[in-house]
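To keep things clear, I will list the structure first and then write my remarks on it.
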């Protein structure tokens, strides 16, 4: 049982950090054109938080009740990755809303958008 749990934790560790790898915030304000790309989905941060929950549950299920430094480190990394992903997505959504607001304003004033 112990070796199986170790294998699961090692595999999970290699899959964690989705937000670090797969989310991106908006470009700096001065570098944004009429269209720009960034991450609008919370899927990666949710996956990171799911791994945190799994690691906590697996640690709690251990019969010896001890929490290893590795468990804490992995959970901290996943939680940090989730926070980074939420930060990127929130900034992206705000930047898109601002760009849309400016486009509507410019269109109403007859200003070309290119």
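Residue numbers (this note's numbering): 5 to 118. Yeah, the Cβ is synthetic: ideal placement off N, Cα and C, and Gly gets one too.
Judged by their CB atoms, residue 56 and residue 86 are nearer to each other than the 9 Å cut-off. DSSP places residue 96 in the uninterrupted alpha helix (DSSP H) bounded by 73 to 113. Nearest in C-alpha terms to residue 58, of all of 80, 32, 100, is 80. Excluding five sequence positions before and after residue 89, the CB atoms of its chain that fall closer than 6 Å to its own CB belong to 23, 27, 48, 49, given in chain order. In the three-state reduction of the DSSP assignment, residue 42 falls in the coil class, being assigned neither a helical nor a strand state. In the three-state reduction of the DSSP assignment, residue 32 falls in the coil class, being assigned neither a helical nor a strand state.
DSSP, read as helix, strand or coil, puts residue 27 in coil. Around the CB of residue 53, 16 or more other CB atoms lie within 10 Å, so the residue is classed as buried.
Taking every protein chain shown into account, the CB of residue 113 has fewer than 16 other CB atoms within 10 angstroms, so this residue is exposed. Within the same chain, Cβ atoms closer than 8 Å to the Cβ of residue 83 are found at 52, 53, 56, the five residues on either side in sequence being excluded.
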